[in-house]
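Take a look at the structure set out below.
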Amino acid sequence: MTPKGDSRTQKSSQQASLEWLSAEYHDLNGDHIDILEGTPTALEFARIVQISRPVLIKRFQASSCKWSNDYLISKMGSRPISVAVTPNGCYNPRS
């Protein structure tokens, strides 16, 4: 039988590891967010994705109904995609 303290210790260790990883990322990449004044070209968008940094696209008008699962599947097909996930799902540099 596992002592009760072990699960708390493991969770604390995981939290410490995530915090360390987040701090290391920010030390390497900083808190800079690129701001684009309009919709990027396909090449610009590919570069944004390649560097994996946050970007704010101003005056971007996308119809939310267009971005359905069926639409994305029709555009991406069976090509693999990469999704970056933060511990809490939000970009929050060292708050």
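Under my numbering, the letters of the sequence shown match residues 25 to 119, in that order. Each residue gets a CB set at the ideal place from its N, CA and C atoms; glycine is no exception. Just so you know, these numbers come straight off a predicted model, no measurement behind them.
Paired residues, beta bridge with ILE59 - DSSP: When DSSP reads this structure, ILE59 sits in a beta bridge with LEU80.
Inter-stretch contact (C-beta, 8 Å, three-pair minimum) for the stretch 37 to 50 and the stretch 64 to 79: A contact is defined here as three or more CB-CB pairs under 8 Å, and the stretch 37 to 50 fails this definition with respect to the stretch 64 to 79.
First and last residue of the uninterrupted alpha helix (DSSP H) at LYS99: Secondary structure note for LYS99: its alpha helix (DSSP H) is the uninterrupted segment 93 to 100.
Residue range of the alpha helix (DSSP H) that includes VAL107: Here VAL107 belongs to no alpha helix (DSSP H), and DSSP marks it neither H nor E.
Host alpha helix (DSSP H) of ARG103 (start-end): Per DSSP, ARG103 belongs to no alpha helix (DSSP H) and is neither H nor E.
Through-space distance from SER106 to LYS35, alpha-carbon basis: For LYS35 and SER106, the distance between alpha carbons rounds to 27 Å.
Any non-hydrogen atom of the ligand GTP within 7 Å of SER76 CB: Of the ligands one can find in the structure shown there are none, so the ligand GTP has no counterpart to examine.
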